[in-house]
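Visitor: One structure, as structure tokens, below. Some questions next.
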Amino acid sequence: MKKWLALVATASVVIALLVVPSTTLTYEAPPQEPKPPRSKSEIIQLILDIAEKHGIDGEQFLETAKCESSLRPSVVGDGGESYGLFQIHIVSHPTVEPQQALDPVWATEWSAKKWAEGKASMWTCARLLYGTTNPKTP
711 MKKWLALVAT ASVVIALLVV PSTTLTYEAP PQEPKPPRSK SEIIQLILDI AEKHGIDGEQ
771 FLETAKCESS LRPSVVGDGG ESYGLFQIHI VSHPTVEPQQ ALDPVWATEW SAKKWAEGKA
831 SMWTCARLLY GTTNPKTP
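Just so we're on the same page, the working numbering is the position in the sequence shown counted from 1, plus 710.
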């Protein structure tokens with residue numbers, strides 16, 4: 711009886727393989743998240759690229775980041791209230807999470823949007839470097 715069951719099971723598998731069309735399984739890797747910049751040169755390029763994208767003065771935007779954080783994306787200042795490349799003051803911007811402000815890509819995009827909206831004077835370094843009025847746009 712066991713041999714007969716084994717024979718039936720084997721025959722069922724063979725029939726299934728003959729009846730069911732073969733399919734090729736392919737593996738598609740999930741899309742990769744952009745890697746955060748690691749070197750100073752990558753950070754500089756990121757800042758300049760995002761400034762250009764938003765139509766703001768890249769050199770002024772870069773100099774502000776240098777002044778605010780020395781281009782260190784993980785810096786925390788103001789007694790734990792300002793985070794990242796652009797030292798985003800979390801208390802003044804409650805919709806920004808510290809993790810976002812510490813992400814160099816996110817923080818640079820957010821900061822460039824604010825700068826393009828005419829709010830560059832919210833950065834102490836922009837005020838010190840360029841006066842109390844909004845820095846020029848190209």
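Every residue gets a Cβ at the ideal spot worked out from N, C-alpha and C, and that includes glycine.
Just so it is clear, the structure is predicted and the values come from calculations on it, not from any experiment.
Over what stretch of residues does the alpha helix (DSSP H) that includes Gly768 continue unbroken?
Guide: Here residue 768 refers to the residue found at position 58 of the sequence shown. Taken as a continuous stretch (DSSP letters only), the alpha helix (DSSP H) holding Gly768 covers Gly768 to Ser779.
Visitor: Pro747 and Pro814 - do their beta-carbons sit closer together than 8 Å?
Guide: Position 104 of the sequence shown, counting from 1, holds the residue named residue 814. Position 37 of the sequence shown, counting from 1, holds the residue named residue 747. Yes, Cβ-Cβ distance for Pro814 and Pro747 is below 8 Å.
Visitor: For Ser749, does the three-state DSSP call read helix, strand or coil?
Guide: Here residue 749 refers to the residue found at position 39 when the sequence shown is read from its first residue. Of the three classes helix, strand and coil, the one that applies to Ser749 here is coil, per DSSP.
Visitor: Is Ile760 near Glu827, with beta carbons less than 8 Å apart?
Guide: Locating residue 760 in the sequence shown gives position 50, counting from the first residue. Locating residue 827 in the sequence shown gives position 117, counting from the first residue. Result no, Cβ atoms of Ile760 and Glu827 do not sit closer than 8 Å.
Visitor: If I follow the unbroken alpha helix (DSSP H) through Leu795, where does it start and stop?
Guide: The residue you call residue 795 lines up with position 85 of the sequence shown. That residue, Leu795, is in no alpha helix (DSSP H); it is neither H nor E in DSSP.
Visitor: Within the continuous alpha helix (DSSP H) that includes Glu819, where are the two ends?
Guide: To locate residue 819, count along the sequence shown from 1; it is residue 109. Counting along the chain, the alpha helix (DSSP H) containing Glu819 begins and ends at Pro814 to Ala826.
Visitor: If you reduce the DSSP assignment to three classes, tell me which class Gly787 lands in.
Guide: Counting from 1 along the sequence shown, the entry for residue 787 is found at position 77. Reduced to three states, the DSSP call for Gly787 is strand.
Visitor: When you compare only the Cα positions, how much space is there between Glu778 and Ser831?
Guide: Mapped onto the sequence shown, residue 778 falls at position 68. Mapped onto the sequence shown, residue 831 falls at position 121. If I take the Cα positions, the gap works out to 13 Å.
Visitor: Tell me the rounded alpha-carbon separation between Ser784 and Leu839.
Guide: Within the sequence shown, the letter at position 74 stands for residue 784. Within the sequence shown, the letter at position 129 stands for residue 839. Taking the straight line from one Cα to the other gives about 23 Å.
Visitor: Which residue's Cα is closest to the Cα of Leu795: Asp767, Lys824 and Ser780?
Guide: By one-based count along the sequence shown, residue 795 stands at place 85. Here the closest residue by C-alpha is Ser780.
Visitor: Report yes if the C-beta distance between His764 and Ala811 is below 8 Å; otherwise report no.
Guide: Walking along the sequence shown from the start, residue 764 turns up at place 54. Walking along the sequence shown from the start, residue 811 turns up at place 101. No, they are not a contact pair.
Visitor: With C-beta atoms as the reference, is Gly768 less than 8 Å away from Leu758?
Guide: Stepping through the sequence shown from its first residue, residue 768 is reached at position 58. Stepping through the sequence shown from its first residue, residue 758 is reached at position 48. Contact: yes.
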